[in-house]
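Numbering (the numbering used here), first residue to last: 538 to 958. First the structure, in the form of structure tokens, and then the observations on it.
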Amino acid sequence: MFVIIFSFAYNKSDGLTLKHTYNENEKNLTNYVNLITEQDDDLYRISSDVSRTEFPNAIFGNINYYQNTIYSSVSNQTFNKLYFDTLANNIPSRNRALTVSNINILSLMLMSNKYLINNYEKLIGYELVTQNNGLNVYKNENVLPYAFASSEVMSYDDFYNLSDHVKQEALLKNIIIDGESSNSFKETMKSVKWDFLDVLDNENVTKDKDGSLNVYVKDDLSITYELPEIYRNKILLIRFKMNKGSYNRDMSITINNVKNKLTASSWKYYNGNKVFDYVLASENQEKLVFKFTKGEYNLSDFEVSVLDYSDIENISSKVDKLIVDKEKTKGDVIAGSINVTNDGFFMASIPYDNGFKVKVDGVVKDYTKVNDGFIGFPISKGSHGIEITYEAPLKNIALKMSLVGIIAFVVICFLESKKKI
């Protein structure tokens, strides 16, 4: 009885979804995914921000549905690090292995999320396509292609010298490589100073001697900050350190639908989320609503940056897009043609791993890690045929070992049966 009571008390705060709601969301998402892929036969990703923790691995019965979310204990760790550390996507769940969808417009544009499905206001740059059953489908023609070539490259040395916020702008305007930079990158993102004691103007918020802020939340707490005119309809990036957690309680801070959570330190899948990142870009964004769950918070090292969407609006027109051959692109193969304007690098927003084979004009070519987590390779000016295939590392060895195991099992069974005779 004690175990039952303890289990209920420990897990009662877990967010659960009614079966009817789950089925209804799945049905609506399936219909929208089918609608999108029927009308647009290009290669792109669709980001669904509806019940994001319930469908990270779903493809809704549609082989043409591509996404950048996954929940797996054996997922690509290079991609996980890129997704959360480099791209500064928020961590809303109790397990960092769960890379759920987000509304980080910089990440969405980098990873070719041409379509966005959600149930709230639209992001800057995304236009409404259709809406039904409380869900909206938005489209952005300006996201980077799934695969492309560019002569704008930046060395990893130069990249790592940038601030964490500016890195996200650099990723949209350059391919990051082991080598020399081709240009002198000029960031348009601006760092701004905010007094967060004024931003979080509430009797439960106090300033410590070291400049950090203490926030005491007995129950839930909501604080609204009216944005000054100069920050409205902009892309806002906010970061701060979460210095104090709890042994037995998850703590989270949500800003305008973007949630970060630090799990209880006793939780077996402790997510270690001690730096909270937010990228906010809702259209007509006039205020920030901070929502704290119960707990005692200590926050410090606040960073705020602002970026005009117009500064990244035309990024797709500055690269050479891979024209995908849909007949050949299926399963573990991506194939197509490309007309490269200048010598540079080719990049596909596919998580870097061993096991890829790249062919350019039928010739096998070495590939490398670019953009801190994608696959890429040098490419020369002119027209080229591209083919990228994937085979799991050690697949053939694993198949041979499995065959040996089956043979050994059959032999043992045969010998055992002979003994009984």
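Positions of the beta carbon are idealized from the N, C-alpha and C atoms, including for glycine. Quick caveat, the model's predicted, so the values are computed rather than measured.
Cα-Cα separation, residue i to residue j
i, j, result
"V877", "S837", "46 Å"
"T623", "N656", "27 Å"
"N632", "H921", "42 Å"
"Y581", "Y569", "15 Å"
"L709", "N605", "17 Å"
"D756", "T830", "7 Å"
"N891", "F914", "14 Å"
"N639", "N851", "22 Å"
"D586", "F621", "17 Å"
"E689", "W804", "44 Å"
"S692", "S721", "11 Å"
"I600", "L952", "46 Å"
"A872", "Q614", "26 Å"
"L758", "K828", "6 Å"
"I949", "I583", "51 Å"
"D715", "N908", "10 Å"
"V729", "V841", "6 Å"
"F777", "S874", "44 Å"
"S544", "Y904", "Note that S544 has pLDDT 49, beneath the 50 cutoff, so the model's placement of it is unreliable and the number below is only indicative. Going by the C-alpha atoms only, they are around 49 Å apart."
"D747", "N698", "27 Å"
"K659", "K651", "13 Å"
"K798", "R786", "11 Å"
"E575", "D745", "57 Å"
"V703", "Y815", "14 Å"
"Y806", "V897", "43 Å"
Residue i, DSSP secondary structure in three states
i, result
"M646", "helix"
"D695", "helix"
"F543", "Legend: pLDDT at F543 = 46, less than 50; position of this residue unreliable, value from coordinates given subsequently. Three-state DSSP puts F543 in a helix."
"T623", "helix"
"T567", "helix"
"S886", "strand"
"T905", "strand"
"T791", "strand"
"K651", "strand"
"T926", "strand"
"D701", "helix"
"G942", "helix"
"K771", "coil"
"D735", "helix"
"K863", "coil"
"Y753", "strand"
"Q614", "helix"
"K918", "coil"
"A818", "coil"
"E766", "helix"
"I760", "strand"
"Q604", "coil"
"K896", "strand"
"Y834", "strand"
Under 8 Å between C-beta atoms of residue i and residue j
i, j, result
"L672", "I654", "yes"
"N879", "S749", "no"
"I712", "M884", "yes"
"I923", "I887", "no"
"Y889", "G910", "yes"
"F578", "K863", "Note that residue 578 is Asp in the sequence shown, not Phe. Yes, they are a contact pair."
"I775", "I790", "no"
"I944", "F893", "no"
Presumed contact (8 Å Cβ cut-off) between residue i and residue j, rounded CB distance
i, j, result
"V674", "V666", "4 Å"
"V843", "L773", "6 Å"
"V856", "A707", "With 8 Å as the limit, V856 and A707 do not qualify as a contact, their Cβ atoms being about 14 Å apart."
"V754", "G832", "6 Å"
"R648", "I849", "First, the amino acid is wrong: residue 648 is Met here, not Arg. About 14 Å; that fails the 8 Å criterion."
"S630", "V637", "6 Å"
Any C-beta of chain B under 8 Å from that of residue i
i, result
"I887", "This model lacks chain B altogether; it includes just one protein chain."
- On the three-pair Cβ rule with 8 Å, is the stretch 854 to 872 touching the stretch 819 to 826? no
- Would you call the stretch 780 to 790 and the stretch 800 to 820 touching, i.e. three or more CB-CB distances under 8 Å? yes
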